[in-house]
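Peer 1: When we follow the numbering used here, the leftmost residue of the sequence shown carries the number -8, and every step to the right adds one. First the structure, then my questions, so here it is.
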Amino acid sequence: MQRKAQIIQQHYRGDDPLKKKIASVFLESFLFYSGFWLPMYFSSRGKLTNTADLIRLIIRDEAVHGYYIGYKYQKNMEKISLGQREELKSFAFDLLLELYDNELQYTDELYAETPWADDVKAFLCYNANKALMNLGYEPLFPAEMAEVNPAILAALSPNADENHDFFSGSGSSYVMGKAVETEDEDWNF
C-alpha cells in the first residue's frame, strides 16, 4: 500500500499537469477498485450487502472523477504537439505497468492462499484497461486477461441490490437533498 502511495504522490507533486491527470485517473479508475473485489464477491453471494451498497456509492462517485479527469486530459492533449502526445502516452503505459506490478504483489500477499487470486488479477486488468480508456488510450490487457466474473460485475453495478423501504422513504441510494426555505409560521402547529 505504501509503495502505491509513493508512486502516485511523486507525480502529484510534479510540475506536469498532464502527468498529474494520468496519475489521478489511474488512482481513481484502477487502484481504487482493487480493494473492493472481496466485498463484491461476498455481495454476489448475498453476504455483506449493506457494505456493498456503501461501496457502490463510493464507486459511483469515483467513476465520475476518473471519467471527468480523463476527459479533461483528452481535451488538453488536443492542444499539444504530436511528440508531446507520444511522450505522455509512453509515460502513461509505463506508469500503469509500474502500478500493475505493485498491485500484483499486493494481490499475491492478500489472496495467494485463497482460490480467488486469479479472479482478482483479472479484475485488476479490467480496471487498468478502463483507466486507459478514460485517458483515450487503447486497452493494454487482452480481453481474456480482463475477463471478470459476471457476478462481480453485476455486484458492481451502481443499481445492484440497493436497499429501499418504500413506506419510510429510507434507503441506501445517494440522493441530492433540496433546500426549502421555511418561515417561522411553518413551525406553528
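Idealized CB from N, CA, C, for every residue including glycine. If you're wondering where the values come from, they're calculated on a predicted model, not measured in any experiment.
1. When we look at the beta-carbon of ASN67 and count the other beta-carbons within 10 Å, is it buried (16 or more) or exposed?
2. For the pair the region 30 to 46 and the region 94 to 106, tell me if three or more CB-CB distances fall below 8 Å.
3. Please state whether DSSP places ALA103 in a helix, a strand or coil.
4. On the criterion of 16 or more Cβ atoms from any shown chain inside 10 Å, does ALA43 qualify as buried, or is it exposed?
5. Mark ILE49 as exposed unless 16 or more other C-beta atoms lie within 10 angstroms of its C-beta, in which case mark it buried.
6. For the region 47 to 122, list the alpha helix (DSSP H) runs that are entirely contained and at least 4 residues long, ordered along the chain.
7. How many angstroms separate the CA atom of TYR128 from the CA atom of ILE13?
8. Please name the residue, chosen from GLY5, SER81, GLY74 and TYR91, that lies closest to PHE23 on a Cα-to-Cα basis.
9. For SER159, which residues from the same chain have a beta carbon less than 6 Å from its beta carbon, with the 5 sequence-adjacent residues on both sides left out?
10. In angstroms with no decimal places, state the Cα-to-Cα distance between PRO106 and LYS112.
11. Is the region -4 to 4 touching the region 68 to 80 in the sense that three or more CB pairs, one from each, lie closer than 8 Å?
12. LEU18 and ILE(-1) - do their beta-carbons sit closer together than 7 Å?
13. Thinking ALA146 and SER34 are a contact (beta carbons under 8 Å), I'd like their distance in whole angstroms, please.
Peer 2: Checking against the coordinates, here is how it stands:
1. With fewer than 16 other Cβ atoms from the protein chains shown falling within 10 Å of its own Cβ, ASN67 counts as exposed.
2. No, because fewer than three Cβ pairs between the region 30 to 46 and the region 94 to 106 fall closer than 8 Å, the two stretches do not touch.
3. In the three-state DSSP reduction, ALA103 falls in the coil class, being neither helix nor strand.
4. Result: buried.
5. Looking at its Cβ environment, which holds fewer than 16 other Cβ atoms inside 10 Å, ILE49 is exposed.
6. You should have 73 to 102.
7. Taking the Cα positions, TYR128 is about 11 Å away from ILE13.
8. Of the candidates GLY5, SER81, GLY74 and TYR91, the one whose C-alpha sits nearest the C-alpha of PHE23 is TYR91.
9. Here the model assigns SER159 a pLDDT of 44, short of 50, so the residue's position is not dependable, and the following value carries that caveat. Correct list: empty, nothing qualifies.
10. Looking at the two C-alpha atoms, the distance is approximately 12 Å.
11. For the pair of segments examined, the region 68 to 80 was found not to touch the region -4 to 4: the number of CB pairs separated by less than 8 Å stays below three.
12. The criterion of a C-beta distance shorter than 7 Å is satisfied by ILE(-1) and LEU18.
13. The beta-carbon separation of ALA146 and SER34, rounded to 4 Å, stays under the 8 Å limit for a contact.
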